[in-house]
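There are 2 protein chains.
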Amino acid sequence: MRRCVKCKGESVINLKSTNAAFCQEHFIEYFLRQVARAIKKYKMLAEGQQVLVAVSGGKDSMALWDALLSLGYRADGLHVDLGIGEYSEGSRLICERFAANRGARLYVLSLMDTYGSNMQEIVRRTRRVSCSVCGTVKRYLMNLVVQQKGYRVVATGHNLDDETAALLGNLFGWQEGYLARQYPHLPSTHARLPARVKPLVRLGEMETELYCRLKGIEFLADDCPLARGATSLAYKELINSLEEKMPGTKQRFLFGFWDRGRRSFIDTPVELKGCSLCGQPTTADTCLFCRLMQKAGIDPLTQPQVQEM
Amino acid sequence: MRRCVKCKGESVINLKSTNAAFCQEHFIEYFLRQVARAIKKYKMLAEGQQVLVAVSGGKDSMALWDALLSLGYRADGLHVDLGIGEYSEGSRLICERFAANRGARLYVLSLMDTYGSNMQEIVRRTRRVSCSVCGTVKRYLMNLVVQQKGYRVVATGHNLDDETAALLGNLFGWQEGYLARQYPHLPSTHARLPARVKPLVRLGEMETELYCRLKGIEFLADDCPLARGATSLAYKELINSLEEKMPGTKQRFLFGFWDRGRRSFIDTPVELKGCSLCGQPTTADTCLFCRLMQKAGIDPLTQPQVQEM
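Respectively, the protein sequence lines represent chains A and B.
Each residue of the first sequence is one higher than the last, beginning at 295 in this note's numbering.
Each residue of the second sequence is one higher than the last, beginning at 295 in this note's numbering.
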């Protein structure tokens, strides 16, 4: 094993993409520097700004929450309890323990408490792809909490691997709209919608996991039981095999897209109007959340039960 | 094995991407239809037009030559004999035998006869990547033959796999200029330069090989000994593994790029001037061919020895 490039101490990781090895202390320093660099480069947050972090209990969102607090941001957590048995119980406990240990604010929104149904049931009744239903529901509920509690920015734990796989998927399908909107900082497009930022885009999932382990941050290692055989996994495998042969490929590909490729795709601004049922901003007459909930036999106007701790 | 979708006869191939199986006769018909479709869609050739086919002796260029003749085009071959030992001897013989059997015209241009050096030597003396040197030299010599013999269009055997791998490579590096110019029909940009067309872009290498075998077309199966570990091979592997999981991926990716993605990349037209040495169109003061040949200690103005048969 190579020695740490900073202090020549024993290394815990050897990053092929940047050809650098780090000891525990200097890896943590490196990790935080990468987060700070992404925040600065894409103008995600002002110094010490308040931000709502979407936390699932997995390694990425937990590492993100910790990193934002460590960098001095007022980072509060929002956890949506999907009610998927032990998986969700474990996820929620991890978020609650982290908040208690770090004295951070955490909002928990439980699907069962609010709607009397869990995510499996909602997915089953809508007869749609689970990741897509779950994403729509979580994004909608997050926006409600943002409005209730007065946040301006939401941060999510999407990492280098997630973004590279998404980019490849969008390119394979030539999804021009998605390509134009794939950026680590999406400004608010409506007074009721927050800006969305992804501060982990410079770091891979191996690195977020190591960061958690080294800092003693608890996380749930299990994959979501509803997300089987997602095509994004095929893209990740593929990119990893390229990265193996040509280290640095992911970063060159993704950052090259953001620096140069993306400007080629023009984002046609869409007009947002109020949903005919709930009044939230949408491009359709009735927003996707309301339509999904109606299909699932749930009143979309049910007031979400948010616990604050 | 499934039965032929046309005649229910015994099938020789099952194409997952289009979910169709074909017998020998109907596969050949399908193959020619795909070539005709590409020619029509990208307006490559007028009916019965004269075209110069760059033939290496490999499966792609031999299948292309045969297909163009079968579709009624006046397709003449041009083979550049690189002088790489048995590999080149075999390649040349295959082209010569095909021309003799089909009564087609073939031009052979031998590097040894013209310059007294073979491709290995030229590559070694220029200290450049072999595929890049070889490509430059062949393209230049092809243009000379085109001018001498009065052709307007050159066809090459690039297939679906080649083009998909090239597209992925150009995207991974965000080569905007290359992206703008990756198209199966590049019109002439100068009175001395031919249009360039790629009629095999709808067909994969498995299909070109099968076409040759079924029609009894001889080809050299060996890879060029100078082209080891080309990165395009890594991209091909990667795309093949995706295609395996999601049949039709290659076609959706490539045709989607041509139909929609490519328009996003603007090709900045470059001004062509005459090379200070040879007078051929170039963007530089002295063209790359002349510079390479000078570096290899060869007079770039040497008159090429073209044999016609």
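Quick reminder that beta carbons are idealized off the backbone N, C-alpha and C, glycines included.
Since the model is a prediction, treat every value here as computed from it, not as a measurement.
Contact list for the stretch 460–472 of chain B against chain A, Cβ threshold 8 Å: Leu-465, Phe-466, Gly-467, Trp-468 and Glu-470
Cα-Cα separation, B/Ala-528 to B/Lys-302: Along the second sequence, read from residue 1 onward, the residue named residue 528 of chain B stands at position 234. Along the second sequence, read from residue 1 onward, the residue named residue 302 of chain B stands at position 8. Rounded to whole angstroms, B/Ala-528 to B/Lys-302 spans 38 Å at the Cα level.
Minimum C-alpha distance to B/Asn-453 - residue among B/Gly-498, B/Glu-380, B/Lys-530 and B/Ser-305: By 1-based counting over the second sequence, the position of residue 453 of chain B is 159. Closest option to B/Asn-453, Cα to Cα, is B/Gly-498.
Option in B/Glu-415, B/Val-439 and B/Thr-502 with minimal Cα separation from B/Leu-586: As a working note, residue 586 of chain B is residue 292 in the second sequence. Here the closest residue by C-alpha is B/Glu-415.
Continuous alpha helix (DSSP H) stretch holding B/Asn-395: start and end: Along the second sequence, one-based indexing puts residue 395 of chain B at 101. That run of the alpha helix (DSSP H) goes 379–396.
A/Phe-513 in three-state terms, based on DSSP: Numbered from its first residue, the first sequence carries residue 513 of chain A at position 219. Coil.
Option in B/Lys-335, B/Ser-482, B/Trp-468 and B/Gly-352 with minimal Cα separation from B/Val-374: Position 80 of the second sequence holds residue 374 of chain B. Comparing Cα-Cα distances from B/Val-374 to each of B/Lys-335, B/Ser-482, B/Trp-468 and B/Gly-352, the minimum goes to B/Gly-352.
Closer than 8 Å at the beta carbon, the chain A residues around B/Gly-542: For this step, residue 542 of chain B is matched to residue 248 along the second sequence. Here the premise fails: no neighbours, minimum Cβ distance about 11 Å.
A/Lys-567 - DSSP class collapsed to helix/strand/coil: Residue mapping note: residue 567 of chain A aligns to position 273 of the first sequence, counting from 1. In this structure, A/Lys-567 counts as strand in the three-state DSSP scheme.
Enclosing beta strand (DSSP E) for B/Asn-313 [first to last residue]: Position 19 of the second sequence, counted from the start, is the residue given in the question as residue 313 of chain B. It is not in any beta strand (DSSP E) - B/Asn-313 carries neither H nor E in the DSSP assignment.
Nearest candidate by alpha-carbon position, reference A/Gln-545, set A/Leu-365, A/Thr-450, A/Asn-412 and A/Leu-461: The count along the first sequence starts at 1 and reaches residue 545 of chain A at position 251. Ranking the options by Cα distance to A/Gln-545, first place goes to A/Leu-461.
B/Ile-388 and B/Glu-503 closer than 8 Å at C-beta: Working through the second sequence from its first residue, we reach residue 388 of chain B at position 94. Working through the second sequence from its first residue, we reach residue 503 of chain B at position 209. Going by C-beta atoms, B/Ile-388 is not nearer than 8 Å to B/Glu-503.
Where A/Met-413 falls, given that 16 or more other Cβ within 10 Å makes a residue buried: Looking up residue 413 of chain A in the first sequence gives position 119. By the neighbour-count rule (16 or more Cβ atoms within 10 Å), A/Met-413 is buried.
Separation of B/Pro-493 from B/Phe-316, as counted between CA atoms: Your numbering for residue 316 of chain B matches position 22 in the second sequence. Your numbering for residue 493 of chain B matches position 199 in the second sequence. One C-alpha to the other measures close to 21 Å.
When A/Arg-433, A/Leu-508, A/Asn-534 and A/Leu-532 are compared against A/Leu-346, the one with the closest alpha-carbon: Numbered from 1 along the first sequence, position 52 holds the residue referred to as residue 346 of chain A. Considering only alpha carbons, the answer is A/Arg-433.
Expected contact under 8 Å - CB spacing of A/Ile-333 and A/Tyr-505 to nearest Å: Stepping through the first sequence from its first residue, residue 333 of chain A is reached at position 39. Stepping through the first sequence from its first residue, residue 505 of chain A is reached at position 211. Incorrect: roughly 16 Å between the Cβ atoms, too far for contact.
Chain-ordered residues of the stretch 525–536 of chain B with a beta carbon less than 9 Å from chain A: Thr-525, Ala-528, Tyr-529, Glu-531, Leu-532, Ile-533, Ser-535 and Leu-536
Ordered list of beta strand (DSSP E) runs contained in the stretch 441–512 of chain A, each at least 3 residues: 447–449 and 489–491
Members of the stretch 479–497 of chain A near chain B, C-beta cut-off 7 Å: none
Residue range of the unbroken beta strand (DSSP E) whose run includes B/Leu-403: Taking the first residue of the second sequence as position 1, residue 403 of chain B is located at position 109. Run containing B/Leu-403: 400–404, per the beta strand (DSSP E) assignment.
Pairwise C-alpha distance: A/Thr-543 and B/Asn-464: Walking along the second sequence from the start, residue 464 of chain B turns up at place 170. Walking along the first sequence from the start, residue 543 of chain A turns up at place 249. One C-alpha to the other measures close to 12 Å.
Expected contact under 8 Å - CB spacing of B/Cys-581 and B/Tyr-381 to nearest Å: If you number the second sequence from 1, residue 581 of chain B lands on position 287. If you number the second sequence from 1, residue 381 of chain B lands on position 87. Going by Cβ atoms, the distance from B/Cys-581 to B/Tyr-381 rounds to 28 Å, so no, they are not a contact pair.
Rounded C-alpha distance that separates B/Ala-521 from B/Leu-514: Here the question's residue 521 of chain B lines up with position 227 in the second sequence. Here the question's residue 514 of chain B lines up with position 220 in the second sequence. The alpha-carbon atoms of B/Ala-521 and B/Leu-514 are separated by roughly 15 Å.
Through-space distance from A/Gly-550 to A/Arg-557, alpha-carbon basis: Here residue 557 of chain A refers to the residue found at position 263 of the first sequence. Here residue 550 of chain A refers to the residue found at position 256 of the first sequence. Answer to the nearest angstrom: the Cα atoms are 11 Å apart.
Helix, strand or coil at B/Gln-574 according to DSSP, with G and I counted as helix: As a first step, residue 574 of chain B is located in the second sequence; it is residue number 280 there, counting from the start. Residue state, collapsed to three classes: coil.
CA-to-CA distance, A/Thr-525 to A/Cys-428, given in whole angstroms: Within the first sequence, the letter at position 134 stands for residue 428 of chain A. Within the first sequence, the letter at position 231 stands for residue 525 of chain A. In a straight line, the C-alpha of A/Cys-428 is about 16 Å away from that of A/Thr-525.
Paired residues, beta bridge with B/Asp-370 - DSSP: Locating residue 370 of chain B in the second sequence gives position 76, counting from the first residue. Paired residues: B/Leu-346.
Reference A/Ser-355, options A/Ile-378, A/Val-564, A/Leu-339 and A/Arg-386, closest by Cα: Here residue 355 of chain A refers to the residue found at position 61 when the first sequence is read from its first residue. Among A/Ile-378, A/Val-564, A/Leu-339 and A/Arg-386, the Cα nearest to that of A/Ser-355 belongs to A/Arg-386.
Reference A/Glu-501, options A/Val-299, A/Ser-364, A/Val-306 and A/Arg-297, closest by Cα: Reading the first sequence from its first residue, position 207 is the one you call residue 501 of chain A. If we check each option's Cα against that of A/Glu-501, A/Val-306 comes out closest.
Residues that A/Lys-539 contacts on chain B, provided the C-beta gap is smaller than 7 Å: In the first sequence, residue 539 of chain A corresponds to position 245, counting from 1. Ala-528, listed in chain order.
B/Glu-304 - partner residues in DSSP beta bridges: Numbered from its first residue, the second sequence carries residue 304 of chain B at position 10. DSSP, once it has assigned bridges, lists B/Arg-297 as partnering B/Glu-304.
Closest by C-alpha distance to A/Met-338, when choosing among A/Asp-593, A/Thr-450 and A/Leu-376: Taking the first sequence and counting its residues from 1, the one referred to as residue 338 of chain A is at position 44. Of the candidates A/Asp-593, A/Thr-450 and A/Leu-376, the one whose C-alpha sits nearest the C-alpha of A/Met-338 is A/Thr-450.
Option nearest B/Ile-378 by Cα separation, candidates B/Ser-350, B/Lys-539, B/Gly-371 and B/Arg-422: In the second sequence, the residue the question calls residue 378 of chain B occupies position 84. Answer by Cα proximity: B/Ser-350.
Neighbourhood of A/Thr-420 by C-beta distance below 7 Å, restricted to the same chain and skipping five residues each side: Here residue 420 of chain A refers to the residue found at position 126 of the first sequence. Counting only Cβ-Cβ distances below 7 Å, and skipping sequence neighbours, we find Val-427, Leu-586, Lys-589 and Ala-590.
Any chain B beta carbon closer than 8 Å to A/Arg-634: Coverage of chain A is limited to positions 295 through 603, which leaves residue 634 of chain A absent and any answer about it impossible.
Residue span of the beta strand (DSSP E) that contains B/Glu-602, given as start and end: As a first step, residue 602 of chain B is located in the second sequence; it is residue number 308 there, counting from the start. Per DSSP, B/Glu-602 belongs to the beta strand (DSSP E) from 600–602.
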